[in-house]
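First residue of the sequence shown? That's 61 in my numbering, and the numbers climb one at a time after it. Note that CB positions come from ideal geometry on N, CA and C, so glycine has one too. Note that this is a predicted model, so its numbers are computed, not measured. Written out below as structure tokens is the structure these notes cover.
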Amino acid sequence: MLPKFAHLRPATVGEAVAALGRGPARVHGGGTDLIGCLRDGVFATDTVVSLSGIDELRGISPVGDGGLAIGALTTIAEIAAEPTITTRYRALADAAAAVASPQLRNQGTLGGNLCQKPRCWYYRGDFDCLRKGGERCFAYEGENRYHCIFGGELCFIVHPSDTAPALAALGAVCRVSGPAGSRSVAVEALHVPPAVDPRRETVLEPAEILTAVVLPAPPPGLRSAYRKVRSRGAWDFALAGVALALVFDGETVASARIFLAGAAPVPWRARGVEAAITGRALDDATIATAAAAAVDGAEPLSDNAYKVPLFEGIVAEQLEAMRTA
Ligand SMILES: Cc1cc2nc3c(=O)[nH]c(=O)nc-3n(C[C@H](O)[C@H](O)[C@H](O)COP(=O)(O)OP(=O)(O)OC[C@H]3O[C@@H](n4cnc5c(N)ncnc54)[C@H](O)[C@@H]3O)c2cc1C
């Protein structure tokens, strides 16, 4: 059952920031994650501040030198269907289309997708885990088949968002508003690794709101994609995923940004893969070296060693797909 809380629906970002600054409060985008957390007692709040009355947070519009701004309240379904995104930022369109189910994509927003809480069953369940203020991570010695193989320290979640790795690969930047004004945060720097703070998911302060995500103009020769593997075809979070943004000069990869999903507590930059392919054509030998680099340094837990060959396989398959894309 949902606990009692005050529900506010401000009309401007300034009013929303002021409401959040008055005390323990939570932002409500589409509510597909927040309401479940409140109902299940993952955390409590005195006040829910809905962004749904703030029209300036909706929509997709061109910015700057050929870039694109996506308002935080834009739904995942709108992003998946937007022709500018499907043609110019394929990785984001792929990722949005892979989120949850049609109903959740119609209700869920981009801001909520980037700021959603972890899906670890200990965090969501009746366990006083480290992330909720307890003493330890139960997944480390417990049921951990869906947990991380990289970046685990103190807490062993995987980051649940599909859009975050795609946006990070595309070099997107978040616009943030708060009591001290506005600032920009690269999507790549939005999420907090547990080694820095295991009780925090993003760098946003309690009264800050993510207002938009800005994509840079796609460079000539950009090919991007997001590939997600889940345990069933219906809605599910990524067991493993890879977002790639490769800039080609002829057949050579001139530059690359690659992030893994379902691998680590934050979208995980695959620098070894980037190094293995940059300056090279994607021939079979290069792809084999890059795929091995994807899992170099992996530290699987007791139940998730299957992720190592899975990541190696999807990185190889996706690189093969991109040389002819
Ligand atoms: C059954 C199910 C399956 C799912 N499958 C997937 C999946 O496959 N892939 C995936 O990526 N996600 C999945 N999700 C997670 C989630 O529902 C979606 O990611 C959705 O996009 C979240 O958006 P929302 O607007 O509903 O978020 P909300 O529920 O409104 O918010 C989520 C969190 O973000 C915060 N927040 C929301 N907006 C902002 C903002 N603008 N600024 C600051 N903080 C904000 C809220 O306070 C809250 O903590 C699934 C959820 C469910 C219930």
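DSSP beta-bridge partners of residue i
i       : result
Lys-288 : Gly-301
Phe-308 : Val-313
His-207 : According to DSSP, which records beta bridges pairwise, His-207 is partnered with nothing at all.
Val-274 : Ala-129 and Val-233
Arg-196 : Cys-189
Leu-174 : Its beta-bridge partners do not exist; DSSP assigns none.
Ser-121 : Ala-129
Phe-319 : Ala-303 and Arg-329
Leu-282 : Val-307
Gly-238 : Gly-241
Ile-139 : Looking at the DSSP assignment, Ile-139 forms no beta bridge with any residue, so it has no partner.
Thr-262 : His-251
Spatial neighbours of residue i in its chain, beta-carbon cut-off 6 Å, leaving aside the 5 residues before and after
i       : result
Ala-353 : Gly-332, Val-333 and Ala-336
Leu-361 : Asn-204 and His-207
Contact belief for residue i with residue j at Cβ below 8 Å, rounded distance in angstroms
i       : j       : result
Val-273 : Leu-227 : 6 Å
Leu-170 : Thr-223 : 6 Å
Val-247 : Ala-232 : 5 Å
Ile-4   : Ala-151 : In the structure as shown, the chain starts at 61 and stops at 385, and residue 4 therefore has no counterpart that could be examined.
Ile-269 : Val-73  : 6 Å
Bounding residues of the alpha helix (DSSP H) (the contiguous stretch that carries residue i)
i       : result
Arg-165 : 162–167
Val-333 : 331–337
Pro-143 : 143–148
Cys-97  : 94–99
Tyr-183 : 181–184
Three-state class that DSSP yields for residue i in the structure shown
i       : result
Cys-215 : strand
Phe-371 : helix
Ile-114 : coil
Gly-202 : coil
Ala-294 : coil
Thr-20  : Here the chain comprises residues numbered 61 to 385, so residue 20 is not present and cannot be evaluated.
Thr-384 : coil
Leu-361 : coil
Ala-341 : strand
Thr-105 : coil
Thr-223 : helix
Bounding residues of the beta strand (DSSP E) (the contiguous stretch that carries residue i)
i       : result
Arg-86  : 85–88
Val-77  : It is not in any beta strand (DSSP E) - Val-77 instead sits in the alpha helix (DSSP H) that spans 73–81.
Gly-241 : 241–246
Ala-324 : Where Ala-324 is concerned, there is no enclosing beta strand (DSSP E), given that its DSSP letter is neither H nor E.
Leu-68  : 66–68
Residues of its chain near residue i, where Cβ-Cβ distance is below 8 Å and the 5 sequence neighbours each way are ignored
i       : result
Asp-356 : Gly-332
Ile-120 : Leu-128, Ala-129, Ile-130, Gly-131, Thr-134, Glu-138, Ile-139, Glu-142, Thr-144 and Ile-145
Residues of its chain near residue i, where Cβ-Cβ distance is below 7 Å and the 5 sequence neighbours each way are ignored
i       : result
Asp-125 : Ala-277
Ala-267 : Val-77, Leu-80, Gly-81, Gly-238 and Pro-239
Asp-296 : Arg-290
Val-375 : Val-302, Val-333, Ala-350, Ala-351 and Ala-354
Proximity test, residue i beta-carbon vs ligand 2 heavy atom, cut-off 7 Å
i       : result
Leu-299 : This structure lacks ligand 2; its bound ligands are ligand 1.
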